[in-house]
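Chemist:
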Amino acid sequence: NAGVTQTPKFQVLKTGQSMTLQCAQDMNHNSMYWYRQDPGMGLRLIYYSASEGTTDKGEVPNGYNVSRLNKREFSLRLESAAPSQTSVYFCASSPRGWNEQFFGPGTRLTVL
Amino acid sequence: QQQVKQSPQSLIVQKGGISIINCAYENTAFDYFPWYQQFPGKGPALLIAIRPDVSEKKEGRFTISFNKSAKQFSLHIMDSQPGDSATYFCAASITNSGYALNFGKGTSLLVTP
Numbered sequence: 269n270a271g272v273t274q275t276p277k278f279q280v281l282k283t284g285q286s287m288t289l290q291c292a293q294d295m296n297h298n299s300m301y302w303y304r305q306d307p308g309m310g311l312r313l314i315y316y317s318a319s320e321g322t323t324d325k326g327e328v329p330n331g332y333n334v335s336r337l338n339k340r341e342f343s344l345r346l347e348s349a350a351p352s353q354t355s356v357y358f359c360a361s362s363p364r365g366w367n368e369q370f371f372g373p374g375t376r377l378t379v380l
Numbered sequence: 006q007q008q009v010k011q012s013p014q015s016l017i018v019q020k021g022g023i024s025i026i027n028c029a030y031e032n033t034a035f036d037y038f039p040w041y042q043q044f045p046g047k048g049p050a051l052l053i054a055i056r057p058d059v060s061e062k063k064e065g066r067f068t069i070s071f072n073k074s075a076k077q078f079s080l081h082i083m084d085s086q087p088g089d090s091a092t093y094f095c096a097a098s099i100t101n102s103g104y105a106l107n108f109g110k111g112t113s114l115l116v117t118p
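Going down the list, the sequences are from chains A and B. Note that this note's numbering has the first sequence beginning at 269, numbered continuously upward. Note that this note's numbering has the second sequence beginning at 6, numbered continuously upward.
#1: What residues from the region 98 to 118 of chain B come within 7 Å of chain A, judged by C-beta to C-beta, listed N to C?
#2: Shortest alpha-carbon distance to G326 (chain A) belongs to which of A:W302, A:E320, A:N338 and A:E347?
#3: Who are the neighbours of P49 (chain B) on chain A, taking C-beta pairs under 8 Å?
#4: Rounded to whole angstroms, what's the CA-CA distance from S352 (chain A) to K110 (chain B)? Just pull it up for me.
#5: By alpha-carbon positions, which one of A:R312, A:G308, A:Q369 and A:M300 ends up nearest to T322 (chain A)?
#6: At what residues does the beta strand (DSSP E) containing T273 (chain A) begin and finish?
#7: Using the three-state DSSP reduction, which class does P87 (chain B) fall into: helix, strand or coil?
#8: Establish whether the CB of Y93 (chain B) and some CB of chain A are separated by less than 7 Å.
#9: Less than 7 Å between CB atoms is the rule here; does Y30 (chain B) satisfy it with respect to chain A?
#10: In whole angstroms, what separates the C-alpha of T275 (chain A) from that of R364 (chain A)?
#11: How is S74 (chain B) classed by DSSP in three states: helix, strand or coil?
#12: Which residue from A:N338, A:R345 and A:V379 puts its Cα closest to that of A318 (chain A)?
#13: Excluding five sequence neighbours on each side, which residues of the same chain lie with their C-beta closer than 7 Å to the C-beta of T354 (chain A)?
#14: For Y301 (chain A), return the contacting residues in chain B, with the cut-off set at a CB-CB distance below 7 Å.
#15: Does the beta carbon of S343 (chain A) sit closer than 7 Å to a beta carbon anywhere in chain B?
Written out as structure tokens, the structure is:
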């Protein structure tokens with residue numbers, strides 16, 4: 269039982285490049301989330317998926333798109349990366365009807 | 006806007022002392038208040054959580070105190086240990102509204118030997 273896994277662990281992009289951050293969970297959870305963590309800012313919600321087939325914007329969705337590929341996988345795409353998107357990105361999941369969220373190890377992204 | 010305000014930003018406590026971190030919120034619809042612990046290079050992990058129908062919850066050395074009328078809650082770490090050195094985040098969410106967490110900015114705790 270790996271929990272929540274994220275790939276890649278580290279990534280460096282140039283301004284304007286695109287990439288997809290992958291997240292998968294093997295706990296049969298219904299809800300999945302993407303957060304970004306910046307120094308002194310805590311974690312801010314980018315997008316979430318309350319259940320397979322649905323996605324909703326969070327606090328800071330601009331510049332990002334998401335896909336809930338199936339129950340296990342929730343990907344985050346940067347179409348045209350900007351230096352302001354330099355951050356650590358965390359994926360999380362939670363069971364149906366539960367408030368507790370289980371976090372992955374994070375992806376550290378640098379945009380030059 | 007930050008929906009959950011957390012203080013202090015950093016805290017240094019001697020081993021055996023009490024660490025206290027405070028949070029305040031405005032949205033009275035919040036009904037779940039967790040504390041997450043994060044070690045360097047790791048994702049946050051749930052430490053303890055409380056709902057507004059109780060004023061205190063204790064799990065081992067960790068206690069949440071909740072004041073509904075003041076819209077404040079705090080984390081107390083008794084007998085603080087060097088292994089407690091980490092960043093602590095308070096958060097709040099609304100059940101049946103996606104369960105998305107609204108986090109405070111975090112407190113970096115250092116427990117000195």
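Ideal Cβ placement from N, Cα and C applies to all residues, glycine included.
Modeler: Reading it off the structure:
#1: S98, T100, G103, Y104, A105, L106, F108, G109, K110 and G111
#2: A:W302
#3: L311, F358 and F371
#4: 18 Å
#5: A:M300
#6: V272 to T275
#7: helix
#8: no
#9: no
#10: 24 Å
#11: coil
#12: A:N338
#13: L377, T378 and V379
#14: A105
#15: no
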